[in-house]
Amino acid sequence: MKSLNIQIPSLPDNIRIIESFIDNAKDKLQLDDDIYGNIMISVTESVNNAITHGNRQDKNKNVSISLHIGDGRLTFRVEDEGNGFDYHNLPDPTAPENLEKPSGRGIFLMKHLADEVVFAEEGRVVELTFYLD
């Protein structure tokens with residue numbers, strides 16, 4: 212199993228660094244466009260949540276991203292330095308009262324685009340797994 216790691220300060224502009232990280236993984240692993248699109252949306256949503264909600268855009272706090280490759284799958288682990296959140300009780304972004312809200316869809320998207328989504332450490336960590344076959 213191979214691993215790649217990157218750490219960024221919690222600034223929204225640093226999402227570009229994560230996009231490049233994913234682009235490099237796509238090229239190295241020769242991922243097809245479907246899985247690449249799912250990975251790009253899921254991982255950038257996760258990192259954006261870590262920056263915005265986890266670390267509250269505090270540039271002194273970092274977001275760590277690691278990619279584990281092996282056993283026919285890719286697993287991205289995104290970790291922030293925040294206080295975590297209650298991932299068991301999330302509002303449904305498809306409920307009528309939430310449709311007009313500008314946020315609240317990130318985790319919904321992750322759960323629909325990744326093959327597995329696992330939260331750990333009180334919500335400070337999310338692991339997104341994508342099967343390659």
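Residue numbering for the sequence shown follows this note's numbering, beginning at 212 and increasing consecutively. Ideal Cβ placement from N, Cα and C applies to all residues, glycine included.
| Item | Value |
| --- | --- |
| When the Cα atoms are used, what is the spatial distance from Asn-309 to Ile-280? | 36 Å |
| Exposed or buried, what is Val-329 when buried is set at 16 or more other beta-carbons lying within 10 Å of its beta-carbon? | exposed |
| At which residue ranges does the region 219 to 280 contain complete alpha helix (DSSP H) runs of 4 or more residues, listed in the order of the chain? | 226 to 240 and 244 to 260 |
| When you compare each of Asn-249, Ala-331 and Pro-223 to His-299 by their alpha carbons, which one comes out closest? | Ala-331 |
| In the region 282 to 326, which residue ranges form an unbroken beta strand (DSSP E) of at least 3 residues, counting only runs that do not cross its ends? | 284 to 290 |
| Using only alpha-carbon positions, find the residue among Asn-235, Glu-290 and Tyr-247 that is nearest to Ile-219. | Glu-290 |
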